[in-house]
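K.L.:
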Amino acid sequence: MAQNGGDGNDGGGAATNSKKFEAPQPHSVKEQLPGIQYCINSSPPWPEAIILGFQHYLLTLGITVLIPSIIVPQMGGGNTEKAAVIQNLLFVSGLSTLFQSFFGTRLPIVVVGSYAYLIPVTSIIQASRYTSYSDPYERFVRTMRGIQGALIGAAFFQCTIGFLGLWRNAVRFLSPLSVVPYVTFTGLGLYHLGFPMVGDQISVSMTAHGKYLKTVLLKSFIVLFSVVDNFSATAAISCYMILADSFLFPHLIKLAKCVEVGLPGIILMVFISQFLPRYLESKRSLCGRFSILFSVSITWLFAQLLTSTTVYKHKPENTQISCRTDRAGLISTAPWIYLPYPFQWGSPTFNAGDAIVMMAPAFVSLFESTGTFFAAARYGSATPVPPSVISRGAGWLGIGVLLNGCLGSVTGNTASVENVGLLALTRVGSRRVIQISAGFMIFFSIFAKFGAFFASVPLPIVAAVYCVLFSFVSSAGLSFLQFCNLNSFKTKFILGFSFFMGLSVPQYFREYFHGGWRSAHPTGLFSDIVVVIFMSHTTVAALVALFFDLTLCRENDESRKDIGLNWWEKFSFYKSDVRNDEFYALPFRLNKLFPSI
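Residue numbers (my numbering): 6 to 602.
#1: Can you confirm whether the stretch 549-562 touches the stretch 176-192 when touching is taken to mean that 3 or more C-beta pairs between the two stretches lie within less than 8 Å?
#2: What's the gap between the Cα of residue 87 and the Cα of residue 589?
#3: Identify, in the order they occur along the chain, each residue of the same chain with its Cβ nearer than 6 Å to the Cβ of residue 190, setting aside the five sequence neighbours on each side.
#4: Taking 8 Å as the cut-off, decide whether the C-beta atoms of residue 192 and residue 465 are in contact.
#5: If you draw a straight line from the alpha carbon of residue 406 to that of residue 111, how long is it in whole angstroms?
#6: Apply the 10 Å Cβ neighbour rule to residue 61 and answer buried if 16 or more other Cβ atoms are within range, or exposed otherwise.
#7: Does the Cβ-Cβ distance between residue 162 and residue 446 come in under 8 Å?
#8: Determine the closest residue to residue 128 out of 302, 270, 330 and 155, with distance taken between C-alpha atoms.
#9: Quick check on DSSP: helix, strand or coil for residue 416?
#10: Nearest to residue 354 by alpha carbon, out of 149, 29, 75 and 58?
#11: Between 439, 352, 49 and 510, which has its C-alpha nearest residue 59's C-alpha?
#12: Locate the beta strand (DSSP E) running through residue 118, then write down its first and last residues.
#13: Can you name, in chain order, every residue of its own chain whose Cβ lies under 8 Å from the Cβ of residue 494, other than the five neighbours on each side?
#14: Tell me the DSSP secondary structure of residue 433 in three-state form.
#15: Following a CB-centred definition, is residue 569 positioned closer than 7 Å to any heavy atom of the ligand MN?
#16: Taking the alpha-carbon positions, what's the residue 226 to residue 444 distance?
#17: Note down, one range per segment and in chain order, each alpha helix (DSSP H) of at least 4 residues found wholly within the stretch 84-159.
#18: Could you tell me the alpha carbon to alpha carbon distance between residue 478 and residue 377, rounded to whole angstroms?
#19: Write down the C-beta distance between residue 400 and residue 488 rounded to the nearest angstrom, noting that I regard them as a contact closer than 8 Å.
#20: Residue 335 to residue 85, Cα distance in whole Å?
#21: Once you ignore the five residues that flank residue 367 on each side, which residues in its own chain have a CB closer than 7 Å to its CB?
#22: Runs of 3 residues minimum, wholly inside the stretch 18-73: which ones carry the beta strand (DSSP E) assignment?
#23: Would the beta-carbon of residue 343 fall within 8 Å of that of residue 451?
#24: Ends of the alpha helix (DSSP H) at residue 454?
#25: Could you please give the first and the last residue of the uninterrupted alpha helix (DSSP H) stretch that includes residue 476?
#26: Under 8 Å: do the stretch 408-415 and the stretch 47-58 share three or more Cβ pairs, one atom per stretch?
#27: What alpha helix (DSSP H) runs, 4 residues minimum, are completely inside the stretch 176-200?
#28: Just the C-alpha distance for residue 89 and residue 114, rounded to the nearest angstrom, thanks.
#29: My assumption, with CB atoms under 8 Å, is that residue 427 sits in contact with residue 297. Please give the rounded CB distance.
Next comes the structure, spelled out in structure tokens:
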């Protein structure tokens with residue numbers, strides 16, 4: 006009688022005990038990322054979509070201004086030529102983005118200039134056949150025509166790889182395990198465009214202050230790795246040694262940028278996007294969605310205040326150019342209306358050696374853009390991109406390089422990593438928003454005076470935004486770990502080794518390029534090709550991971566299951582998943598004329 010409990014307490018106690026002893030369950034696997042408020046095919050209301058598109062346009066200005074600002078002065082051009090090249094690059098970026106959204110991958114991808122082309126472009130500039138010209142403008146024109154010819158040659162190489170399906174066949178070898186370092190380093194490999202562009206006049210030596218910063222960094226890595234199962238303090242110290250001694254502190258010593266502008270920008274960006282929504286109740290999360298506009302506007306006003314109060318009056322010239330809001334030299338030299346047109350500096354000149362070297366960054370751009378495609382599909386709440394769609398997008402990237410070569414933009418193009426990070430920050434993966442941003446790019450490239458106003462945002466402010474957005478892209482790569490068996494020692498080795506080599510190998514070639522061996526030995530065609538390929542963190546990490554994935558993990562069904570291949574195979578062919586038509590089908594029934602396989 007006592008066991009029956011009389012009042013029904015026995016049933017309630019049993020339920021309580023079952024809840025108390027219920028074993029914890031792992032998080033479920035998600036093929037499509039939940040929590041995205043607007044996926045690829047949906048769109049926010051038009052006013053909101055226009056503002057979001059303008060945010061994406063603002064992000065493109067960072068790399069669009071940076072590359073010509075580095076290259077054009079070396080060619081002998083002044084502010085007028087620099088403004089023209091920026092407008093050309095912005096115009097081509099807008100067209101390429103539209104092509105990519107309609108006929109390429111159809112992902113919410115923004116196409117921008119590629120940093121990978123700087124080394125071969127610099128080699129062309131330093132060629133004796135161009136340095137012999139004494140007149141700066143004549144040297145600029147001759148060098149520009151040589152760069153255009155090399156870009157056109159690289160464009161045909163990239164179009165061939167993409168449209169003939171060669172890149173499709175290569176991408177089919179990937180698995181979720183090899184995609185992890187691939188996509189992760191798409192964001193992480195751009196660390197040099199983040200905080201190193203923020204700091205100004207920081208001299209970190211082995212003083213007490215420098216040692217304190219290094220101690221804080223080391224402790225942070227140990228804490229970070231301690232929360233990850235089976236990672237030891239040795240791994241934390243190894244990553245610390247690579248980042249602190251080889252990457253972070255040398256950059257802080259060498260670069261002259263604006264910590265008093267950039268660091269508040271980082272803090273403001275993080276606060277508005279991550280902390281402020283916790284205190285403001287809003288169904289539409291306006292703070293996180295428009296945090297780029299808020300943080301850039303406030304930091305820009307703060308930089309204007311510092312400029313007007315003569316804080317930089319006695320600073321070095323490099324610091325004034327980077328930090329002041331009135332030293333970009335774009336507003337005064339940009340015309341009110343500018344119509345980009347092909348071959349405005351004359352017919353391109355072709356050199357076989359230059360064209361071959363320029364194929365190396367085109368190859369690297371394919372690697373980096375493919376990682377960006379995977380991240381964009383994740384943050385657009387789509388299924389993983391089929392290889393045939395990736396190859397189609399690679400071909401249209403080649404069309405963009407061809408346009409860059411014809412118009413004279415001094416660089417090729419790639420899929421923008423920072424704009425994919427903005428998809429995650431806003432939780433809006435809408436294709437229409439990206440198409441609106443392309444409209445802004447084309448509009449402001451034609452009405453150049455207005456575009457020059459926005460392009461004069463100091464680069465450290467843009468770099469502060471990069472610090473947040475690149476981290477989202479890196480985490481997109483880590484999300485593919487959910488399909489892998491992390492208790493497998495082969496998995497651990499491939500992940501750890503590809504991550505380490507993805508950091509270490511490019512650092513060796515970066516030191517080679519900036520000094521050391523390179524300064525003591527003559528360089529040539531082969532040297533530039535090797536340096537361009539192996540200075541890319543994404544390329545190195547992806548190649549290392551893919552090599553060991555293919556040689557160690559394809560021997561039996563158990564090992565294939567450990568790397569997630571049994572789940573991944575259905576996305577290797579376009580027709581294997583019915584959802585692919587929803588996300589990647591070509592418009593206007595073009596799929597019937599150009600079927601994906």
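The C-beta atom is built at its ideal place from N, Cα and C for all residues, glycine as well.
P.N.:
According to the structure data:
#1: Yes: the two stretches touch, three or more of their Cβ pairs being nearer than 8 Å.
#2: For the pair residue 87 and residue 589, the Cα-to-Cα distance works out to about 37 Å.
#3: Closer than 6 Å at the Cβ level, and outside the excluded window around residue 190, lie 507, 542, 543 and 546.
#4: No.
#5: Their backbone Cα atoms lie some 18 Å apart in a straight line.
#6: That one is buried.
#7: In this structure, the beta-carbon distance from residue 162 to residue 446 does not fall below 8 Å.
#8: Considering only alpha carbons, the answer is 155.
#9: In the structure shown, residue 416 sits in coil (DSSP, three-state: anything other than H, G, I, E or B).
#10: Cα-wise, what sits closest to residue 354 is 149.
#11: Cα-wise, what sits closest to residue 59 is 439.
#12: 116-118 is the span of the beta strand (DSSP E), which, as asked, contains residue 118.
#13: Sequence-distant Cβ neighbours of residue 494 in its own chain, meaning closer than 8 Å and more than five residues away, do not exist here.
#14: For residue 433, the three-state secondary structure derived from DSSP is strand.
#15: Absent from the structure shown: the ligand MN. Ligands present: none.
#16: Legend: pLDDT at residue 226 = 45, less than 50; position of this residue unreliable, value from coordinates given subsequently. Using only the alpha carbons, I get a separation of about 43 Å.
#17: As far as the stretch 84-159 is concerned, its whole alpha helix (DSSP H) runs of at least 4 residues are 84-107, 123-130 and 133-136.
#18: Each residue's alpha carbon lies about 8 Å from the other.
#19: Under the criterion of beta carbons closer than 8 Å, residue 400 and residue 488 do not qualify as touching, at roughly 28 Å.
#20: Distance between the alpha carbons of residue 335 and residue 85: 8 Å.
#21: Here the set comprises 159, 162, 163, 406 and 417.
#22: Within the stretch 18-73, no run of beta strand (DSSP E) at least 3 residues long lies entirely inside it.
#23: Yes.
#24: Bounds of the alpha helix (DSSP H) holding residue 454 are 453-460.
#25: Membership of residue 476 in the alpha helix (DSSP H) is indicated by the continuous run 464-483.
#26: Contact between the stretch 408-415 and the stretch 47-58 is absent, with fewer than three C-beta pairs closer than 8 Å.
#27: Correct list: 181-193.
#28: So the two alpha carbons sit approximately 25 Å from each other.
#29: With 8 Å as the limit, residue 427 and residue 297 qualify as a contact, their Cβ atoms being about 7 Å apart.
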